[in-house]
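Only one structure is covered here, and it is reproduced in the block below.
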Amino acid sequence: MIDRHNPPTTSERGTWNLQPSTAPVPLLDLKAQYAAIREEIRAAMDRVADSQYFILGPEVEALEQEVAAYSGCAHGIGVSSGTDALLVALMAIDIQPGDEVITTPYSFFATAGSIARLGAVPIFVDIDPLTFNIDPAGIEARITARTRVIMPVHLYGQMAEMDAIMDIAQRHHLVVIEDAAQAIGSEYRGRRAGSIGHMGCFSFFPSKNLGGFGDGGMVTTNDAALAERVRLLRGHGAHPKYYHKLIGGNFRLDALQAAVLRVKLKYLDSWTEGRQRNAAIYRQLFADGGLALDTPQCLGAGCRARAEGACALRLGGVVLPYEAPERRHIYNQFVIRSTRRDNVMAALKERKIGHEIYYPVPLHLQECFAYLGNKSGDLPASECAAAETLALPIYPELTEEMLAAVVDAVAAGA
Ligand SMILES: *Cc1c(COP(=O)(O)O)cnc(C)c1O
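Mapping of the sequence shown onto my numbering: residues 15 to 428, in sequence order.
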């Protein structure tokens, strides 16, 4: 247990011997990233401006091929956002009102929103408290005659337990749509996000690891027929123009976004390495400060056990992100757990250090889903995560001094 009133300073920790920065540390600094690639991006944007070809076209087609290849997929279809990627993927398999889609309650809203918008029913299965991803052990009990899809989310940049999920899906003839919005380039047993399920859905929202200058997304698949349907639906289901085979929508990606994203994709692996390096430094700094708690031991006890005092987490300190075996974690977020989250947040705020709760309310308890009849206590691991998690800055341009400042602030509050 750490002494809260007298936390060790970084110099006492020895290993790094860092002077923590005193400047504000944002949660994400896209200006720092832009500064390094400004000329290249501007040249790419000029190329599009000179062409006056703004929607789909050669830039989008090139990005589709590049992201598909990067993700180990045969096909990529550029779309207007990660949300629309999920929506159009569900439309491509003709999801109908009343169909059930099994997914996680611990994700960004779009995961469940895309299901409900089609009149389908999101069926929430609780998460594994170690990885924050859907726990395959809970899936089979929720399968009914109406179940059509399993939609796992690779949260924070670490892939869900895909072998178990694919096995269940095969036995029950279900479609698997991966919500890979936070997980471009992450791997499960050597296979990339978006390449294992029937379709993968990516987001190029600016704060994602590969972020555009606005909204954008992509659907990936190894199934040529599904790729064709997504492509049709993206443009109002028309082929040729004005002859509508399907009722689709305008889910098109802009050429300007594609041009920017193509420049950024070349740097993605080096940025990922930067995020992984920062995660490793955090682990060292938290361990040196006596703040890091043993993850499995603490999380095995669960929230209620912690409230009753049966877990070290109650005594201060934080649980660091768990890296499951045989994964490439790309650290879209670096998320810690603390039972003193309010204190930790106050300390971070005082030192102007960026932080965010992803996500404070699990999806099954959102007001708009009250009609589904879920209630508090139904999915305890997700509710516990929502009460304890906190994302810290992890972007690649952070310096060791900035990381030390973050850890010092957490130590002051934990
Ligand atoms: C960001 C995100 C989305 C939605 O992507 P947008 O591009 O913002 O529409 C969907 N699911 C998850 C898990 C996300 O993080």
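Heads up, the beta-carbon is just placed ideally off N, CA and C, and yes, glycines get one too.
Return yes when the C-beta of Val167 is under 7 angstroms from any heavy atom of ligand 1, and no when it is not. Annotation for Val167 indicates a beta carbon within 7 angstroms of some heavy atom of ligand 1.
Cβ distance (whole Å) where Val332 is taken to contact Ala293 below 8 angstroms: The beta carbons of Val332 and Ala293 sit about 14 angstroms from each other, so the pair does not count as a contact at 8 angstroms.
How is the beta strand (DSSP E) around Ser217 delimited, first residue to last? Met213 to Ser217 is the extent of the beta strand (DSSP E) around Ser217.
Would you kindly check if the distance between the Cβ of Leu404 and the Cβ of Arg355 is under 8 angstroms? Closer than 8 angstroms, so yes.
Can you give the beta carbon distance from Met173 to Tyr202, rounded, assuming they're within the 8 angstroms contact cut? About 4 angstroms; that satisfies the 8 angstroms criterion.
For Glu6, which residues in the same chain have their Cβ closer than 7 angstroms to its Cβ, ignoring the five residues on either side in sequence? With the chain covering 15 to 428 only, the question about residue 6 has no answer from this structure.
For Phe123, three-class secondary structure by DSSP: Three-state DSSP puts Phe123 in coil, outside helix and strand.
For Ile350, write down the residues that DSSP places opposite it in a beta bridge. Paired residues: Leu404.
As assigned by DSSP and simplified to three states, the class of Phe68: In the structure shown, the three-state DSSP call for Phe68 is coil.
Across the stretch 92 to 103 and the stretch 243 to 250, are there enough close Cβ pairs to call them in contact, namely three or more that are closer than 8 angstroms? Using a Cβ-Cβ distance cut-off of 8 angstroms, the stretch 92 to 103 and the stretch 243 to 250 are in contact, since at least three pairs of beta carbons, one from each stretch, lie closer than that value.
Using a C-beta cutoff of 8 angstroms, does Asp193 count as contacting chain C? Here chain C cannot be found, since the structure has a single protein chain.
Anyone know if the C-beta pair for Pro220 and Leu406 falls short of 8 angstroms? If you check the CB distance, Pro220 and Leu406 do not come in under 8 angstroms.
Helix, strand or coil: how does DSSP classify Ile107 here? Three-state DSSP puts Ile107 in coil, outside helix and strand.
Roughly how far, in whole angstroms, is the beta-carbon of Ser396 from the beta-carbon of Pro119, given that I think they are within contact range, below 8 angstroms? Under the criterion of beta carbons closer than 8 angstroms, Ser396 and Pro119 qualify as touching, at roughly 5 angstroms.
Ligand 1 and Gln380: does any heavy atom of the ligand fall closer than 7 angstroms to the residue's C-beta? No, the Cβ of Gln380 stays beyond 7 angstroms of every heavy atom of ligand 1.
Looking only at C-alpha atoms, which of Leu362, Pro38, Leu144 and Gly127 sits nearest to Ala426? Shortest Cα-Cα distance from Ala426 to any of Leu362, Pro38, Leu144 and Gly127 involves Leu362.
In whole angstroms, give me the CA-to-CA distance for Leu386 and Pro150. Near 22 angstroms, if we compare the C-alpha coordinates of Pro150 and Leu386.
So Ala272 packs on Val74, CB below 8 angstroms; how close in whole Å? 4 angstroms between Cβ atoms; contact.
Should Phe218 be labelled buried (16 or more other beta-carbon atoms within 10 Å of its own) or exposed? Counting of Cβ neighbours within 10 angstroms places Phe218 among the buried residues, the total reaching 16 or more.
Is it the case that the Cβ atoms of Ala82 and Arg276 are separated by a distance below 8 angstroms? No, they are not a contact pair.
Taking Cβ positions, are Phe348 and Tyr296 nearer each other than 8 angstroms? Contact flag set, yes.
Paired residues, beta bridge with Thr36 - DSSP: Paired residue(s): none; Thr36 is not in a bridge.
With DSSP as the reference, please indicate the residues paired to Phe138 in a beta bridge. Partner(s): Thr117.
Strictly by DSSP, which residues pair up with Gly231? For Gly231, which the question treats as bridged, DSSP gives the partners Val93 and Ser217.
Span of the alpha helix (DSSP H) holding Thr161? Looking at the DSSP string, Thr161 is not in any alpha helix (DSSP H); the run it does join, the beta strand (DSSP E), is Thr161 to Met165.
Assess, as a yes-or-no matter, whether the stretch 181 to 196 is touched by the stretch 152 to 167 under the definition of 3 or more beta carbon pairs within less than 8 angstroms. In short, these stretches touch, since the Cβ pair count reaches three.
My understanding is that Leu169 touches Phe146, with C-beta atoms under 8 angstroms, so please give their C-beta distance in whole angstroms. Rounded to the nearest angstrom, the Cβ distance from Leu169 to Phe146 is 5 angstroms, consistent with a contact under 8 angstroms.
Relative to the alpha-carbon of Leu282, which residue among Leu32, Pro72, Glu80 and Pro38 has its alpha-carbon at the smallest distance? In this structure, Glu80 is the residue among Leu32, Pro72, Glu80 and Pro38 with its C-alpha nearest to the C-alpha of Leu282.
Val190 - containing alpha helix (DSSP H), residue span: From DSSP, Val190 is part of no alpha helix (DSSP H) but of the beta strand (DSSP E) over Val189 to Asp193.
At a threshold of 7 angstroms, does Leu100 count as lining ligand 1 (C-beta to nearest heavy atom)? In terms of side-chain proximity, the C-beta atom of Leu100 is found nearer than 7 angstroms to a non-hydrogen atom of ligand 1.
How would you write the range of the alpha helix (DSSP H) that Ser284 sits in, first residue to last? Its alpha helix (DSSP H) spans residues Leu282 to Asp302.
Distance between Ala195 and His258 (C-alpha atoms, nearest Å): So the alpha carbons of these two residues sit roughly 29 angstroms apart.
Are the CB atoms of Leu224 and Ile182 nearer to each other than 8 angstroms? Remark: C-beta atoms of Leu224 and Ile182 do not approach each other more closely than 8 angstroms.
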